[in-house]
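Here the structure comes first, spelled out in structure tokens, and everything after it is commentary.
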Amino acid sequence: MAGSLRALAFLQTLPPDRRQPNLFFAALRLVGGLPEAGVAFDDVLTREGDAIAAVMRARRTQTNEPGRCACLLPLLAQLDGPLALIEVGASAGLCLLPDLYGYDWGRARLDPPGGTGAPMFPCRVNVRAPLPEHHPEIVWRAGLDLSPPDLGDAADVAWLEALVWPEQTDRLAGLRQATSIARQAPPPVMAGDLTRDLEALIAQAPADARLVVMHSAVLTYVSDPGARADFARLMRSRDLHWISNEAPGVFPDHAEGLTPREDMFLMALDGRPVAWTGPHGQSLDWL
């Protein structure tokens, strides 16, 4: 993209917060398919530029990667249950269903409770990773997202699929399987802003369950450091567990003393780092 003057000129017509590469490529695929070469790439922009821009203005980067549950579940399984689960930046809520999926960690395997039809997510793990033999008990779950996609809406589902990189067919298959599972009992995802509406959602959680608030690749989109700090203070001030799975620069205090790992997220529990994770749940390196 950096070598295409046509693409650079096109992006300059959009607001700065709408120039994200993931957003651009997903909109390009959704409208014009997958260009096979640079010339075709520019041709699609010339022919469909207005439609692509409209998608980029209307949509957000809402990658709903259920494969991340392969990293989240080992941590959830260590917490005393039953659990009440809130996901911030939940998109369509697929990561709110970690107890309905199966996992293959190489040296251990956890089959999905529903049998066939549920996804089996592979994940490379190191020897220190604690791998559960059973799914945790989750008795309540809810999500928060600026604009939750509707899994019953074909256009919303097509957008979620467009956000998957085209060569990663296994991710697409997992997304489709998780979507099928979620449609049977859709997890509730409330439209709202994490800086304003999270406290109201926390108040809805049942008192007889252990509340866990989690997020993956979400706070990186909160550009105001003050808002991030306010979010962290809220998490630390409540009687809950806080699981963050973000790029290490999002909460620098979580990564203090650690050598950053290229293209890896840092997963932390209550502000304490516990593992490096692959951004799509493909690996779990326990600290």
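Residues in the sequence shown are numbered from 1087 upward in steps of one, following the numbering used here.
All C-beta atoms in this analysis are idealised placements derived from N, C-alpha and C, irrespective of residue type, glycine included.
Helix, strand or coil for residue i? Go by DSSP, reduced to three states.
{"i": "M1142", "result": "helix"}
{"i": "A1268", "result": "helix"}
{"i": "W1372", "result": "strand"}
{"i": "E1332", "result": "strand"}
{"i": "H1340", "result": "helix"}
{"i": "Y1307", "result": "helix"}
{"i": "S1302", "result": "strand"}
{"i": "E1285", "result": "helix"}
{"i": "T1345", "result": "coil"}
{"i": "T1363", "result": "strand"}
{"i": "G1188", "result": "strand"}
{"i": "L1100", "result": "coil"}
{"i": "A1112", "result": "helix"}
{"i": "P1324", "result": "The sequence shown places Arg at residue 1324, rather than the Pro named in the question. The answer is coil: DSSP assigns R1324 none of H, G, I, E or B."}
{"i": "A1291", "result": "coil"}
{"i": "E1151", "result": "coil"}
{"i": "A1093", "result": "helix"}
{"i": "L1159", "result": "helix"}
{"i": "L1352", "result": "strand"}
Beta-carbon separation of residue i and residue j under 8 Å?
{"i": "V1243", "j": "T1265", "result": "yes"}
{"i": "F1351", "j": "A1291", "result": "no"}
{"i": "V1275", "j": "G1203", "result": "no"}
{"i": "W1251", "j": "A1170", "result": "no"}
{"i": "A1268", "j": "L1180", "result": "yes"}
{"i": "I1138", "j": "L1287", "result": "no"}
{"i": "A1361", "j": "F1337", "result": "no"}
{"i": "L1345", "j": "A1313", "result": "For the record, residue 1345 in the displayed sequence is Thr; it is not Leu. Their beta carbons are not under 8 Å apart, which means T1345 does not touch A1313 by this criterion."}
{"i": "T1363", "j": "A1333", "result": "no"}
{"i": "P1375", "j": "G1260", "result": "The question about residue 1375 has no answer, for the chain in this structure spans 1087 to 1373."}
{"i": "R1145", "j": "W1245", "result": "yes"}
{"i": "D1283", "j": "H1327", "result": "no"}
{"i": "A1176", "j": "L1182", "result": "yes"}
{"i": "N1108", "j": "T1132", "result": "no"}
{"i": "P1365", "j": "D1339", "result": "no"}
Taking 6 Å as the limit between beta carbons, can you name the residues of its chain near residue i, skipping five residues before and five after?
{"i": "R1105", "result": "L1097"}
{"i": "A1112", "result": "A1248, L1249"}
{"i": "A1163", "result": "P1218, P1222"}
{"i": "A1178", "result": "N1150, P1235, L1237"}
{"i": "Y1189", "result": "A1156, L1196, F1207"}
{"i": "P1198", "result": "Y1187, G1188, A1204"}
{"i": "A1194", "result": "L1217"}
With a threshold of 7 Å on Cβ separation, who are the neighbours of residue i within its own chain once the five nearest residues in sequence on each side are excluded?
{"i": "G1038", "result": "The structure shown has nothing for residue 1038, since the chain only spans 1087 to 1373."}
{"i": "R1324", "result": "I1288"}
{"i": "G1278", "result": "L1230"}
{"i": "G1167", "result": "P1222, E1223, R1296"}
Please list, in chain order, all residues of the same chain as residue i whose beta carbon is under 8 Å from its beta carbon, the five residues on each side excluded.
{"i": "A1215", "result": "P1160, W1191, A1361, L1370, D1371, W1372"}
{"i": "V1308", "result": "L1280, T1281, R1314, F1317"}
Enumerate, from N- to C-terminal direction, the unbroken alpha helix (DSSP H) stretches of 4 or more residues contained entirely within the region 1192–1275. As far as the region 1192–1275 is concerned, its whole alpha helix (DSSP H) runs of at least 4 residues are 1240–1248, 1255–1270.
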